[in-house]
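As numbered in the working numbering, residues 15 to 103 make up the sequence shown, in order.
All remarks here apply to the structure that follows.
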Amino acid sequence: MAHKKAGGSSRNGRDSAGRRLGVKKFGGEQVIGGNIIIRQRGTRVYPGANVGIGKDHTLFALGEGRVRFHAGKLGRKYVSVDVMAQAAE
C-alpha cells in the first residue's frame with residue numbers, strides 16, 4: 015500500500031498587536047491636565063515643566079496650556095506645557 019506521511023503544521027503564524035506608541039499631542043496643541051502627550055518605551059523624551067511621567071514612561075500634561083518640545087542638556091529632548099494666561103472674569 016502506498017502511504018504518504020502527514021504534513022507537519024507550520025510553527026509560525028503568531029504575532030501581537032501593535033502598542034500604539036508615539037506622540038499623541040504635537041507642538042502647539044492645546045492640552046488640559048491628564049491629556050497624554052507621548053506614549054513611549056523608555057525615556058526617549060523627558061518631562062519638562064507641567065508634564066508628569068507614568069510608570070510606563072507615558073508623558074502627560076499636569077495642567078492646561080500649550081505643548082512645546084525643546085532640547086535640553088546632553089542632547090536630551092524635553093516636552094513642556096506652557097500655561098496660558100487666564101482671562102480675567
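Just so you know, even glycine gets a beta-carbon here, dropped at the ideal spot from N, CA and C.
It should be emphasised that the depicted structure is a prediction, and the values quoted were computed from it without experimental measurement.
The C-alpha of ILE51 is placed about 11 Å away from the C-alpha of LEU76. Between the alpha carbons of ALA85 and ARG25 lies a distance of about 46 Å. In the DSSP annotation of this structure, the continuous segment of the beta strand (DSSP E) that includes SER94 starts and ends at 91–96. Cβ-Cβ separation between ARG53 and ARG34: approximately 7 Å, consistent with a contact (criterion under 8 Å).
In this chain, the beta strand (DSSP E) harbouring GLY66 covers 65–67. Less than 9 Å separates the beta-carbon of THR57 from that of ILE67.
The straight-line gap separating the alpha-carbon atoms of GLY89 and SER23 is approximately 50 Å.
DSSP places LEU73 within a strand segment (E or B) once states are collapsed to three. Counted as a single uninterrupted DSSP element, the beta strand (DSSP E) harbouring ALA85 occupies residues 79–85.
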